[in-house]
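Protein chains in written order, with this note's numbering: chain A, 1 to 123; chain B, 1 to 157.
Glycine residues also receive a C-beta, built at the ideal position from the N, C-alpha and C atoms.
All values reported here derive from a predicted model rather than from experimental measurement.
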């Protein structure tokens with residue numbers, strides 16, 4: 001029974017990793033690709049680790065797996081956040097289908113503010 | 001958690017990692033805990049409210065649910081024969097005030113349906129969210145507010 005469950009978790013986890021990889025290739029720009037790279041990999045990795053801990057059935061392995069999952073969920077979004085932010089500031093444009101860009105407006109507004117501080121300071 | 005409880009928790013985790021519960025191992029774990037706390041104390045956000053443990057579980061439950069939806073959604077988008085996405089960046093006004101709250105919210109946004117936090121404005125009030133498929137910006141914001149922000153506010157604010 002637990003073997004079957006472990007198999008399901010391992011297969012499911014690997015499947016989501018595969019989805020993440022396909023997503024990396026198919027999606028149009030950096031930001032969309034980060035979607036696939038963060039969501040599907042954390043989920044897939046979680047499945048694989050849980051499956052592994054079910055197979056080994058030892059406290060040590062289970063604790064390690066749970067800690068690994070915890071830190072994965074803690075670090076993956078931070079990495080995605082920094083990569084997409086750096087990407088936005090350094091170059092790659094948003095893909096052509098993009099409909100909204102509030103961040104660009106915000107950055108422009110801040111730049112204008114930095115260039116002419118007296119305009120806001122004298123009031 | 002108070003620092004003493006934190007130290008004992010870390011020591012317990014150390015025991016589980018070792019798989020043998022002897023006083024010696026617990027002692028080693030305690031020393032490790034003290035070392036970790038010694039170096040990371042400055043960046044540790046101390047919350048003495050134990051009674052909030054229920055809200056933490058509510059947050060975990062709602063987060064897990066959103067995570068499941070997120071993955072099914074990515075799956076559908078990635079494996080559909082024709083890519084039909086309308087990506088874009090929208091601002092999201094948050095009511096979280098503490099750094100911990102904003103951090104948790106931004107991280108959770110990244111891990112849940114169709115959204116990815118790109119930057120937080122200087123005043124910590126607006127999170128810029130990249131969205132894979134926008135029908136209507138307000139709907140996306142509403143989803144974040146209901147599914148993530150409210151449980152987080154309950155848990156850490």
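- In terms of Cβ geometry, residue 25 of chain B and residue 89 of chain B do not form a close pair [threshold 7 Å].
- When secondary structure is reduced to three states using DSSP, residue 88 of chain A falls in the helix class.
- DSSP links residue 131 of chain B through a beta bridge to B:88 and B:115.
- Taking a C-beta cut-off of 8 Å against chain A, the contacting residues of the region 69 to 87 of chain B are 70, 71, 74, 75, 77, 78, 79, 83, 85, 86 and 87, listed in chain order.
- Within the region 33 to 55 of chain A, contact with chain B at the beta-carbon level (separation under 7 Å) is assigned to 34, 35, 36, 38, 39, 40, 42 and 43.
- When the Cα atoms are used, residue 36 of chain B and residue 79 of chain A turn out to be separated by approximately 23 Å.
- Among the residues facing chain A, residue 19 of chain B is included, as its CB has a counterpart in that chain under 7 Å away.
- Burial check for residue 4 of chain A: the Cβ neighbour count within 10 Å stays below 16, so the residue is exposed.
- By the Cβ rule, the region 28 to 38 of chain A does not count as touching the region 50 to 63 of chain A, because fewer than three pairs are nearer than 8 Å.
- Membership of residue 34 of chain B in the alpha helix (DSSP H) is indicated by the continuous run 23 to 40.
- In the three-state scheme derived from DSSP, where H, G and I count as helix and E and B as strand, residue 98 of chain B is classed as coil.
- Contact between residue 46 of chain A and residue 14 of chain A does not hold, since their C-beta atoms are separated by about 12 Å, which reaches or exceeds 8 Å.
- The three-state reading of DSSP puts residue 39 of chain A in helix, counting H, G and I together.
- Remark: fewer than three beta-carbon pairs, one from each stretch, lie closer than 8 Å, so the region 99 to 119 of chain B and the region 3 to 19 of chain B are not flagged as touching.
- Residue environment: residue 136 of chain B is assigned as exposed (fewer than 16 neighbouring CB atoms within 10 Å of its CB, all protein chains considered).
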